[in-house]
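Enquirer: The structure under discussion is supplied below as structure tokens; questions concerning it will follow.
In our numbering, the protein residues as written are 17 to 428.
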């Protein structure tokens, strides 16, 4: 007998209205196209006009974009661009960027762009007291920034980190897929033994610290989990937690979230795409998003959004439950990845997969959209998208760009 946690309300069987259709329909309705110039974002963070590379003209005249080589050596270019755009929006001389968790306090007011979600103690040392002072989030415990917060422990006698609130995982069960969180190898194997046979869809094992689609694998048996936990990466990261979650077939992954820059609030829905990294693993490959000024109620006014309003409500409930359980938590960037797909019985299900309260994959698209709404106050919404391709070496920029793009559209 399966011991997946009870989940309410029950999954719906009919095929749901696709979030990607909502994005496409909003793009087509009330669109205002403005000619813009596409740009490369080079390795050193400088902008190069696309016209300087005529062989790389990939975008129509109605689209503005940035091309960035995606390689470990140039991750800082995206941060530099993000910092410049935030500084322009906030009318600040500079933004303090955290590359290696080495942010230091600043004399006077400062706006921070940390790579990771900050601990409450770190934020206090930096003088950060509210969301308007950073692009990211602040949490009282490390595990709150990771995937494990979404699920309860399967049994009361299992390991848990300091500050763990098992009631939260139970409260979130109607907003996520059935699953459990564990924090040791023995507990992971015990949990797998408790479950029914995984069936045709399998169980998705996810390292709590994984990101961009990395650090996860679909498994079908306790033996497969044992083999997975023997891998060096999984051994070293297991202390941060592991999620064992129902896997869905034909899944469509998308994001719903809000971004606050200064005192300005923006809401969006984004459709994700996948790509292959240098190890030929399927990972996050970019986002196409629609953004509006204001909160989720403004987002729901877009064409087609009412048909997926329950997904926005699911996101809002997920966020509300976490905030109530940990009132010290706050964030200016609140991104929630969701999935819609079929379970082993062929029923369509939906749930929040994870959250991100830090600089992430969709952040460049977010800031492009935000800046466009600032530059064009006549627009009620805007569309921005990113494409990511991995390179074996930094010299491959000509053949495999990392493409950031923006369609300027909305209703006047």
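The C-beta atom is built at its ideal place from N, Cα and C for all residues, glycine as well.
Suppose you measure from the CA of residue 283 to the CA of residue 239; what does that come to, to the nearest Å?
Expert: Working through the chain shown from its first residue, we reach residue 283 at position 267. Working through the chain shown from its first residue, we reach residue 239 at position 223. Cα to Cα, the separation comes out at about 43 angstroms.
Enquirer: Would you identify the three-state DSSP class for residue 230, choosing helix, strand or coil?
Expert: As a position in the chain shown, residue 230 is number 214, starting the count at 1. It is coil, neither helix nor strand.
Enquirer: Identify every run of the beta strand (DSSP E) within the stretch 129-190, keeping only runs that are complete inside it and at least 3 residues long; order them along the chain.
Expert: 153-155
Enquirer: Would you check if the stretch 128-140 and the stretch 148-158 touch, i.e. whether three or more CB-CB distances between them fall below 8 angstroms?
Expert: yes
Enquirer: DSSP on residue 107, reduced to helix/strand/coil?
Expert: Along the chain shown, read from residue 1 onward, the residue named residue 107 stands at position 91. Three-state result, residue 107: coil.
Enquirer: Which residues in the same chain as residue 266 place their Cβ atom closer than 7 angstroms to its Cβ, once the five residues preceding and following it in sequence are excluded?
Expert: Counting from 1 along the chain shown, the entry for residue 266 is found at position 250. So the qualifying residues of the chain are 357, 358.
Enquirer: Is it the case that the stretch 365-378 contacts the stretch 347-354, given that we only count it when at least three CB pairs across the two stretches are under 8 angstroms?
Expert: yes
Enquirer: Counting Cβ pairs, one atom from each stretch, are 3 or more of them under 8 angstroms apart for the stretch 392-403 and the stretch 295-309?
Expert: yes
Enquirer: Return the bridge partner residues of residue 275 from the DSSP annotation.
Expert: Taking the chain shown and counting its residues from 1, the one referred to as residue 275 is at position 259. Bridge partners of residue 275: 282, 349.
Enquirer: Would you tell me roughly how many angstroms separate the C-alpha atoms of residue 128 and residue 362, rounded to the nearest one?
Expert: As a first step, residue 128 must be located in the chain shown, where it is residue number 112. As a first step, residue 362 must be located in the chain shown, where it is residue number 346. The straight-line gap from Cα to Cα measures roughly 46 angstroms.
Enquirer: Any chance the stretch 243-260 sits against the stretch 331-345, with 3 or more Cβ pairs inside 8 angstroms?
Expert: no
Enquirer: Quick check: residue 299 and residue 192, are their CB atoms within less than 9 angstroms of each other?
Expert: Within the chain shown, numbered from 1, the residue matching residue 299 stands at position 283. Within the chain shown, numbered from 1, the residue matching residue 192 stands at position 176. In this structure, residue 192 does not lie closer than 9 angstroms to residue 299 by Cβ.
Enquirer: What does residue 291 pair with, by DSSP beta-bridge criteria?
Expert: Position 275 of the chain shown holds residue 291. 299, per the DSSP bridge assignment.
Enquirer: Is the beta carbon of residue 223 closer than 9 angstroms to that of residue 232?
Expert: Counting from 1 along the chain shown, the entry for residue 232 is found at position 216. Counting from 1 along the chain shown, the entry for residue 223 is found at position 207. Remark: C-beta atoms of residue 232 and residue 223 approach each other more closely than 9 angstroms.
Enquirer: Quick check on residue 444: does DSSP put it in helix, strand or coil?
Expert: This structure leaves residue 444 out entirely; the chain is present only between 17 and 428.
Enquirer: Is there contact between the stretch 160-171 and the stretch 185-200, where contact requires at least three CB pairs shorter than 8 angstroms?
Expert: yes
Enquirer: Note down the Cα distance separating residue 199 from residue 236, rounded to an integer number of angstroms.
Expert: One-based indexing of the chain shown puts residue 199 at position 183. One-based indexing of the chain shown puts residue 236 at position 220. In this structure, the alpha-carbon of residue 199 lies about 20 angstroms from that of residue 236.
Enquirer: Less than 6 angstroms between C-beta atoms, sequence neighbours within five positions excluded: which residues of the same chain meet that for residue 126?
Expert: On the chain shown, residue 126 is found 110 positions in, with the first residue counted as 1. Here the set comprises 112.
Enquirer: Could you check the C-alpha separation between residue 98 and residue 302 for me, to the nearest Å?
Expert: Mapped onto the chain shown, residue 98 falls at position 82. Mapped onto the chain shown, residue 302 falls at position 286. When rounded, the distance between both Cα atoms is 16 angstroms.
Enquirer: On the DSSP bridge assignment, give the partners of residue 269 in chain order.
Expert: As a working mapping, residue 269 is identified with position 253 in the chain shown. Note: residue 269 sits in a beta bridge opposite 355.
Enquirer: Alpha carbon to alpha carbon, how far is residue 181 from residue 159?
Expert: Walking along the chain shown from the start, residue 181 turns up at place 165. Walking along the chain shown from the start, residue 159 turns up at place 143. Spanning the two alpha carbons is a distance of roughly 11 angstroms.
Enquirer: In three-state terms, what does DSSP make of residue 334?
Expert: For the purposes of this step, residue 334 is identified with residue 318 of the chain shown, where counting begins at 1. Looking at residue 334 - three-state DSSP - the assignment turns out to be helix.
Enquirer: If you count every other CB in all the chains shown that lies within 10 Å of the CB of residue 83, and 16 or more means buried, which is it?
Expert: Position 67 of the chain shown, counted from the start, is the residue given in the question as residue 83. With a pLDDT of 41 at residue 83, under the threshold of 50, the modelled position of this residue cannot be trusted; read the value that follows with caution. So residue 83 counts as buried.
Enquirer: What residue range is occupied by the uninterrupted alpha helix (DSSP H) comprising residue 379?
Expert: Taking the chain shown and counting its residues from 1, the one referred to as residue 379 is at position 363. Note, residue 379: alpha helix (DSSP H), 379-391.
Enquirer: Which residue from 201, 322, 323, 230 puts its Cα closest to that of residue 290?
Expert: Here residue 290 refers to the residue found at position 274 when the chain shown is read from its first residue. Nearest Cα to residue 290 within the set 201, 322, 323, 230: 230.
Enquirer: Please report the distance separating the alpha-carbon of residue 390 from that of residue 273.
Expert: Reading the chain shown from its first residue, position 374 is the one you call residue 390. Reading the chain shown from its first residue, position 257 is the one you call residue 273. So the two alpha carbons sit approximately 19 angstroms from each other.
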